[in-house]
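Visitor: Just so we're on the same page, my numbering is the position in the sequence shown counted from 1, plus 721.
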Amino acid sequence: HYGVVPDVMTMAKAIASGLPLSAVVARDDLMKDIYPGSLGGTYGGNPISCATALKV
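1) Determine the DSSP secondary structure at Ala-747, reduced to helix, strand or coil.
2) Straight-line CA distance for Arg-748 to Gly-766?
3) Can you look up Thr-763 in the DSSP assignment and give me helix, strand or coil?
4) Am I right that Ser-743 and Gly-762 are in contact with their C-beta atoms under 8 Å? What's the rounded C-beta distance?
5) So the candidates are Pro-757, Gly-724, Asp-754, Leu-740; which of them puts its Cα closest to the Cα of Ser-770?
Have a look at this one:
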(Lines of atoms letter the chains of each structure in order from A and count residues from 1; the text may use other names and numbers.)
(Lines give C-alpha, C1' and ligand atoms only; values in the text may rest on other atoms or scores of the structure.)
Protein backbone atom coordinates (compact mmCIF):
# COMPACT_ATOMS: atom_id res chain seq x y z
CA HIS A 1 0.00 0.00 0.00
CA TYR A 2 2.91 2.35 0.64
CA GLY A 3 5.39 1.17 -2.01
CA VAL A 4 7.32 -0.95 0.49
CA VAL A 5 8.89 -4.07 -1.01
CA PRO A 6 10.31 -6.44 1.63
CA ASP A 7 13.62 -8.26 1.19
CA VAL A 8 12.42 -11.29 3.18
CA MET A 9 8.99 -12.44 4.38
CA THR A 10 8.10 -15.27 6.72
CA MET A 11 4.70 -16.91 6.88
CA ALA A 12 3.36 -19.57 9.20
CA LYS A 13 0.16 -21.29 10.33
CA ALA A 14 -2.20 -19.00 8.44
CA ILE A 15 -0.93 -20.38 5.11
CA ALA A 16 -2.00 -23.90 6.10
CA SER A 17 -5.28 -23.36 7.96
CA GLY A 18 -3.63 -23.90 11.33
CA LEU A 19 -1.49 -26.89 10.39
CA PRO A 20 2.19 -26.64 11.40
CA LEU A 21 3.70 -25.18 8.24
CA SER A 22 5.83 -22.15 7.49
CA ALA A 23 7.56 -20.53 4.53
CA VAL A 24 10.39 -18.11 3.87
CA VAL A 25 10.04 -15.95 0.76
CA ALA A 26 12.83 -13.67 -0.42
CA ARG A 27 14.39 -12.07 -3.46
CA ASP A 28 16.29 -14.45 -5.77
CA ASP A 29 19.66 -12.90 -4.94
CA LEU A 30 19.11 -13.60 -1.23
CA MET A 31 17.84 -17.16 -1.74
CA LYS A 32 20.55 -18.30 -4.17
CA ASP A 33 22.69 -19.73 -1.37
CA ILE A 34 19.82 -21.50 0.40
CA TYR A 35 19.76 -25.24 -0.29
CA PRO A 36 17.40 -28.04 0.80
CA GLY A 37 17.90 -28.76 4.48
CA SER A 38 19.54 -25.43 5.33
CA LEU A 39 16.37 -23.94 6.84
CA GLY A 40 14.49 -25.72 9.57
CA GLY A 41 12.09 -25.33 12.43
CA THR A 42 10.27 -27.15 15.17
CA TYR A 43 7.70 -28.67 12.82
CA GLY A 44 9.90 -29.03 9.74
CA GLY A 45 8.90 -31.92 7.53
CA ASN A 46 5.51 -32.63 9.08
CA PRO A 47 4.12 -35.17 6.56
CA ILE A 48 0.47 -34.09 6.78
CA SER A 49 1.32 -30.41 6.38
CA CYS A 50 3.69 -31.06 3.47
CA ALA A 51 1.21 -33.31 1.66
CA THR A 52 -1.53 -30.72 2.09
CA ALA A 53 0.71 -27.90 0.84
CA LEU A 54 1.62 -29.87 -2.28
CA LYS A 55 -2.05 -30.45 -3.11
CA VAL A 56 -3.13 -26.81 -2.82
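Backbone N, C-alpha and C define an ideal beta-carbon position, used for all residues, glycine too.
Guide: Taking the geometry as given:
1) Within the sequence shown, residue 747 is the residue found at index 26, counting from 1. Assignment of Ala-747 by DSSP, reduced to helix, strand and coil, places it in the strand class.
2) Reading the sequence shown from its first residue, position 27 is the one you call residue 748. Reading the sequence shown from its first residue, position 45 is the one you call residue 766. When rounded, the separation of the alpha-carbon atoms in Arg-748 and Gly-766 is 23 Å.
3) For the purposes of this step, residue 763 is taken as the residue at position 42 of the sequence shown. In this structure, Thr-763 counts as coil in the three-state DSSP scheme.
4) To locate residue 743, count along the sequence shown from 1; it is residue 22. To locate residue 762, count along the sequence shown from 1; it is residue 41. The C-beta distance from Ser-743 to Gly-762 rounds to 6 Å, short enough to fall under 8 Å.
5) Taking the sequence shown and counting its residues from 1, the one referred to as residue 770 is at position 49. If you compare the alpha carbons of Pro-757, Gly-724, Asp-754, Leu-740 with that of Ser-770, the shortest gap goes to Leu-740.
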